[in-house]
Amino acid sequence: MVVVQNGSSAPAKAQPVTNGRASTLTKLRPGPPAGSNGGVPTIPQMPSGNGKAALLNGAAGAKAEQQPAAAHQASGNGAAGKAAHVRPDLYIQLYLAIMEQQQEQAVGSQPAALKPSPDAATPAKAAADAAAEEEAALAAQAAAAAAAEQAREAAAAEAAEEAAAAAAQQAKAKAAAAAEQAKEAAAAATKAVEAASAAAKQAKEAAEAAKQAEEAAAAAAKEAEEVAAAAKEAEQAAAAAKQAEQAAAAAAQAHEAEAAAAAAARQKAAPGRREEAAAAEEAAAEAAAAAAAQEPELPREPYTLVKKVALAGGMLHVVVLEGDRMLRVWTPPGYSRAEAARHPYPLLLLNDGQNLFEDKLSFSGASWRAGEAAAAAITSGRLPPFLVAGIDHAGPDRSLEYLPYTPGTGPGGFRKDAAQWPGGGVAAYLTQVFDEVLPWVQEQYGAATSPDRIAFGGSSFGGVCTLYACMHHGHRFGAALVESPSLWFADEKFLREDLERYEGPWPQRMFLGMGSREYGGTRPKEPATRQWDRLLVSYCVRLARLLRRRGLGASRLHWQIGLQAAHTEAAWAQRLPGALEFLLQPWWADAAQRHAGDLFFTSPSRLSAGQPAVLFVNKAVSHVLAGCTARLRTRMGFNNWGLGLSERELEPAPQLEAPQAQPPPEAQQAEEEEEEEEEEEEEEGEQQAGAGQTQAASFFGSGGGGGAAEAAAAAAEEEAAAVEAEAGAASDAAAGGSGPAAAAAAVPAPAPVEEQAQQEPTWQAVTFTVPDKAYEMNFVLTDGRGAWDNNAGCDFYLRVKLPPSGLTAGQSPEEVRAAARAAAEGPADEAASRSAPKLFFTSPEVLVAGAPGVLYFNRARSALRTNPNVKVGCGAVQGALVRLGFNHWDLDTADLGLAPAELWQGDGVDWWATKPFTVPEEAFDMSFAFTDSQGKWENNEGHNYDVPVWRPQEVAADAPPRTIEHSDAVDHAGGTLHVIRLSKRAVTNQASRESKWKEEKVLRVWTPPGFSVESAPHGGWPVLFMCDGQNMFEDWLAHQGTAWRVGEAAAHLIGGKVVPPFVVVAVDSAGPMRSLNYLPYKPGTGAGGFRPDAERWPGGGCEGYMQRLVQEIMPLVCSSFGTATDPARVAFGGGSFAGVTALYAALHYPHVFGSVLVESPSLWIAEGRFLQDLWAHKGPLPERLFMGCGTREYSATREFARQEIDSLLLHYYRDAARALEAGGMRGSQRLRFIVQPDAGHHESAWAWRLPEALSFLLSPWWNE
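If you use UniProt numbering, the sequence shown corresponds to residues 1 to 1264, in order.
Printed below as a string of structure tokens:
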């Protein structure tokens, strides 16, 4: 069947089929029957006698047949050719008429026999027939006429139609021609458009190319300009460097020449001229120092740390302020940013930062030595630890920033050098200081924000700036240090008008300093300087009296005139210690209030090895010594009394006492009378100062000649001598805290002896220096008469901050390797002492890639102790073939001989050592085993020994890192539990494949509610590391169906404010290799063989596990979760075999973990060998340790009870507690040992004791 659609035909099977069925198109639109012309009904043609087309088609039909095939195909679209234009009713009528005519002809030609007989018709019938025939004839005629008429009409219509068709054909031909022309025109237009488009595209591309070329040309031009500018800058820099070099050389030559001239002058000069020669020498030295200090620095981003320099036991941080202007921040010994977050450090903020710390940068070649002065006050206990920040001056614009007016030349024009100096910018400068610099220091260094713990100061113009700040920003600080203020500027306008008219508040404490040779001391060759010296001193006196009138008595104002002191940094440095002690003593109030209920505290709060410290004792808190009237003594030692034993007397510490009561009314009256006397003296001083000014002016105005000049000079010398005498009295009185006339009132009359004894300060102090090798401090207190406070027999304990191992992330690879080389080449006595219970240790204790190392072997603790010859097989040695990858025996091995080491030998200690070897730079792990070369091996029962290798930063990218491969997070106990899968290590050989079974694969990290890395406290989030991670959080994963439930316990304690928020990191065990990682040796079967199931379990990989934890997992957790690294805020714990691991960490990693949680440690392993190690330990221990156990450790988890084994295990636990106490962990603040009745060896018991353990171990984190 052929289906035709829209004049086309196709086989039915070609129609599309959907799901085995004919398409909707095929079903809904079937084609016409075969032979159709496309769906238009066809009228059959009438027969034609002459074989031509029928009448209905006529000429049109013939013409239609002559049309091309395309025309016939077009007719299939519903037109059916030209015949469709003839009316169908005419066809029918004509057809009927013709048929009737043919029938009649047929009837007339019938045979006669068939014709009706005429005789048979009746007349009537004949008449009727005749009438009918006539009527029929008439009808036929009429029909014929009508037919003829219709034929004529049809012929006419046909002719018209034919004419129309011809016309249409012609029109169509013309239209086709026109269409063809149009098509050709359209094609031409399309080509034209395409050509135009191509041309436009080419034009656009050309424009873009031109634009790019233009941009390239501009960039090239700009680059050329930059290159030219850089070349110019380089040329200028070279010229400047050359000039600097020439200047330095000239300065050096000048210095040498000046020194020679000075020496000659000293030898030849008369006694009266030697002072001038010395002053000239000093000036030359200052010029040389100033020239040497001019070191150009490249501009950097504001508040960028440029360098850190150790200074006076603290650190000097140099920070970019703007351009080459710096902010210099000194942090005191023992400074801790974490400590500052809890207890902000007081701050001393000073002007002229270049002149404060380093002599080479100072204007005069000598600095204030602010770091040294602060350190001395802090380490002696006179002042609490505080920060010092110095803001560099603006160079040529120094006077602009420090003065409210232009300086001018001063009264009488004695400072003509300052005539063109700028001024008037002090308000803008101080706005920047207090709104930008001070908040930044407070944020970055933990400086105090309370005004009463902030001091501000400066000298010269910087002293004027400080006075202006007191008047306009006095609410931002509580103490002011004003040295040698240049009150002569602007013709004394600031002194006479601004200060006199100011009625507002002043800081709680102020120190004023001035020298008696402020002017002449720096101008030894200039004549007649005494007048100006006296004038400058009078300014200080006037200012001091003005402040006294404003209410600043002796307890708030201290002023001092330095004899022969000049206007130099050296003079200000000399007065600085006294100024600091007077100004900053109130800063002790915060510490006194914080420690009011404590028996003792230290400054700094964290002792450091090799650093000085102060111990403060409040005897009123001691139950034994509270009533004694004598001064206390202390007996102190270090490292469990094994180092630095001494006995010292404590001194009174009145700075920690409560403020004294107000003076009685009679004392106030005496002070008022004294002020009246001072006002009278002030008037006389002003008159004398005015006379001095007149004399000086006449002297300088006269040109220095004649008898009048000599007389004026003599008068000036006499006045200067009077000033010095007055200054001497003032200086003596100033030591008591007041001006000259108030000296008597400032010093109270001595009290009777009995009253002094009763008023002996309750706070007493002693200074000491922590030995370099100290890790803890022990002390007791006594009155020297037999009464002792020794913490109920446990002695007092203080942790000493251990120095870093030398392998920290902040060090460069060169520093790391240098530290490793020094450790390998240096003595190992201290490490050997700490490692006495161990089989081996390395020096450095963590090997470093690319650096030397030494392996030490304790033969007395091995199976080879009876063999005289021992060798070690080591996979990372000097000269071995090195390749990238892992060295689980993947690097070439070498045999190294062992020889007895020159270390301490004793019972169970016999150290042998290799010669130094170099660790390959590609190594990350060292594997080794020991042998006697006769077939006997100490190889950890076939598992070998492994230690990781530290990789410096420059090669860290080549190391196989332990990274996070995948992490899931779920809500847990109000916080979030992160289940982390660590990336796998690549394997290269069979040993590597075997090693993967013992390495850590999964971490479970619980973070508290509200946790985020960004919100971590300073120093990082406190963190607790736990073994057996799968047993910590979820019951369904736990070994016996019940977890420790660490998350719930932590959340409960955090919510109750018992402990601060902290992070828990639980490391999944290695399954079958759990005992290998957690035990320092094979477990064996225990005493009497009561654990035969453990006979084949491995051990000996504990050290390798701990080093992987410390060197790989802890840094990964720290970088991912912002956890702490300070041992004081890091804890470690585990139970059963992992309890042994925790005790191992307590012995060998107290510098990493300050708190240790030990639950039911399997001390039965190796027939009690670990207990022997515990008793033999002589090194440091963590600050706090919790150990818990039950009375049914064995029987509670077994079908049959064995009380004797329970008793044996309990004996082990108690023995371990005694060993820890003997090692120094005495007192309930360090060691907590809990025995739970009827508790067994399982997670339920450990979970029950966990809240108490965490409270004991972690609550001190609030103060760390």
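Ideal placement from N, C-alpha and C gives every residue a C-beta, glycine not left out. As the structure is a prediction and not an experimental result, all values here were calculated from the model.
- As the crow flies, the alpha-carbon of Phe1256 is around 13 Å from that of Lys1057.
- Considering only Ala1216, Glu1183, Ser380 and Ala1094, the residue with the shortest C-alpha distance to Val1140 is Ala1216.
- Counted as a single uninterrupted DSSP element, the beta strand (DSSP E) harbouring Leu1157 occupies residues Ser1155 to Glu1159.
- DSSP places Thr918 in the strand class (E or B) of the three-state scheme.
- Of the candidates Val537, Gly504, Arg799 and Gly314, the residue whose Cα lies closest to the Cα of Tyr519 is Val537.
- Here Ile561 really is in contact with Met514; their C-beta atoms are around 5 Å apart, less than 8 Å.
- The beta-carbon separation of Ala419 and Thr431, rounded to 28 Å, does not stay under the 8 Å limit for a contact.
- Note that the region 339-357 touches the region 440-452; at least 3 beta-carbon pairs, one per stretch, sit closer than 8 Å.
- In the three-state reduction of the DSSP assignment, Thr409 falls in the coil class, being assigned neither a helical nor a strand state.
- The Cβ-Cβ distance between Val1064 and Leu1024 falls below 8 Å.
- Per DSSP, Cys628 lies in no beta strand (DSSP E) segment and is marked neither H nor E.
- With contacts defined by Cβ atoms closer than 8 Å, Ala860 and Val909 form a contacting pair.
- Collapsing the DSSP output to three states places Arg648 in a strand.
- Of the residues Gly627, Pro1180, Glu503 and Lys360, the one whose Cα lies closest to the Cα of Arg785 is Gly627.
- Using a Cβ distance threshold of 8 Å, Phe1137 and Ala1145 do not count as a contacting pair.
- Within the same chain, and ignoring the five residues on either side of Met471 in sequence, the residues whose Cβ sits closer than 6 Å to its Cβ are Tyr502.
- In this structure, Ala376 lies away from Val388, with their beta-carbon atoms at least 8 Å apart.
- Of the residues Thr769, Gln181, Ala1066 and Asp417, the one whose Cα lies closest to the Cα of Pro333 is Thr769.
- Straight-line spacing of the CA atoms in Arg549 and Leu557 works out to 11 Å.
- Using a Cβ distance threshold of 8 Å, Lys1082 and Gly1099 count as a contacting pair.
- In this structure, Ala480 lies away from Phe461, with their beta-carbon atoms at least 8 Å apart.
- By the CB criterion at 8 Å, Thr406 and Gly424 fall inside the cutoff.
- Beta-bridge pairing by DSSP links Tyr1081 to no other residue.
- The Cβ atoms of Ala1245 and Gly1190 sit closer than 8 Å to each other.
- If only uninterrupted beta strand (DSSP E) runs of at least 3 residues are considered, those enclosed by the region 1174-1208 are 1184-1190.
- Going by DSSP, Trp911 is part of the beta strand (DSSP E) stretching over Trp911 to Ala913.
- Under DSSP, Val1064 shares a beta bridge with Trp1006 and Leu1024.
- The beta carbon of Glu1000 sits closer than 6 Å to those of Val1067, all from its chain and outside the five residues before and after it, given in chain order.
- Looking at the DSSP output, Glu483 sits in a beta bridge with Ser459 and Gly513.
- Under the three-state reduction of DSSP, Pro384 is assigned to coil, being neither helix nor strand.
- Taking the Cα positions, Pro612 is about 7 Å away from Thr767.
- With 16 or more other Cβ atoms inside 10 Å of its own Cβ, Gly1122 counts as buried.
- Beta-bridge analysis with DSSP links Val306 to no other residue.
- Residue burial is scored here from C-beta neighbours: Phe638 has at least 16 other C-beta atoms within 10 angstroms and is therefore classed as buried.
- For Pro439 and Val433, the gap between their C-alpha atoms comes out near 9 Å.
- Excluding sequence positions up to five before and after Ala1070, its CB lies within less than 6 Å of the CB of Lys998 and Asn1077, all in the same chain and listed in chain order.
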